[in-house]
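See structure below.
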Amino acid sequence: MELLSNKSFLEFLPEDVIYRLVKTFKMEESEIIELFHETKKFLALSTVGNAYIISDIEILDEVWHTFIKFVSQYQDFCMRFFWEMIIHTPTSKKEYEEFEKLKIENPEEAKNKSLDTYLKLVELVYDNLGHDTVVKWFKKYPVKYSKKRILELRK
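The working numbering puts the first residue of the sequence shown at 257, with every later residue one more than the last.
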């Protein structure tokens, strides 16, 4: 778990980002700070492997979107701790359409592709962030922060 050997990036806590998240979601500030902490771990992970947001951790994407809006703070974070901008690249229209087509034409292959993608992400998280993060992101967050729950948490 060399990724977390230097945890200084976890201490980065931009007041404006936290304030915006508190104003956006019906959550205690401590919960917002924990989610921001986990989002920073995801961003660090994305610098060492093919990390991507899946529905299980969509709440981290919500936090990331807010962080990106504060461009100078986001840029400062990326450059200070990772020496590069971490680019948010959503699924393209073409990728989405190809997968939707595959689900219709070959549902079993689509299912296997989704499972393979999921397992690779879990492995990347486990290898770089450890067991506790895997449990939090893939067992707790899908229940606590489902798509429906995220909508309910919005102010």
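Ideal Cβ placement from N, Cα and C applies to all residues, glycine included. None of the values given here were measured: they were computed from a predicted structure.
Beta-carbon gap between residue i and residue j smaller than 8 Å
| i | j | result |
| --- | --- | --- |
| Tyr397 | Ile315 | yes |
| Lys376 | Lys282 | no |
| Val390 | Val378 | yes |
| Val319 | Thr295 | yes |
| Ile289 | Leu269 | yes |
Residues of its chain near residue i, where Cβ-Cβ distance is below 8 Å and the 5 sequence neighbours each way are ignored
| i | result |
| --- | --- |
| Ile342 | Leu299, Ser302, Thr303 and Cys334 |
| Glu365 | Leu358 |
| Lys279 | Lys411 |
| Phe292 | Leu269, Val273, Ile274, Leu277, Val319 and Phe323 |
| Ser264 | Phe337 |
Separation of residue j from residue i, as counted between CA atoms
| i | j | result |
| --- | --- | --- |
| Asn306 | Glu284 | 31 Å |
| Lys349 | Glu356 | 10 Å |
| Lys297 | Leu266 | 7 Å |
| Asn262 | Phe338 | 11 Å |
| Asp317 | Leu409 | 15 Å |
N- and C-terminal bounds of the alpha helix (DSSP H) containing residue i
| i | result |
| --- | --- |
| Arg405 | Lys403 to Leu409 |
| Leu291 | Glu285 to Ser302 |
| Asp312 | No alpha helix (DSSP H) holds Asp312; DSSP gives it neither H nor E. |
| Thr347 | First-last for Thr347: undefined, no H or E at that position. |
| Asn384 | Pro363 to Leu385 |
| Lys279 | Glu271 to Thr280 |
| Met335 | Val327 to Phe338 |
| Lys400 | Tyr397 to Lys400 |
Cβ neighbours of residue i in the same chain (closer than 7 Å, five flanking residues each side left out)
| i | result |
| --- | --- |
| Lys403 | Ser311 and Glu314 |
| Val381 | Leu301, Thr389, Val390 and Trp393 |
Neighbour-count burial assignment, residue i, 16 or more Cβ in a 10 Å radius
| i | result |
| --- | --- |
| Tyr401 | buried |
| Leu371 | exposed |
| Tyr352 | exposed |
| Val399 | exposed |
| Asn384 | buried |
Own chain partners of residue i with C-beta closer than 6 Å, once the 5 adjacent residues on each side are dropped
| i | result |
| --- | --- |
| Phe323 | Val273 and Tyr330 |
Heavy atom of the ligand SAH within 7 Å of residue i beta-carbon
| i | result |
| --- | --- |
| Met335 | This structure lacks the ligand SAH, and indeed carries no ligand of any kind. |
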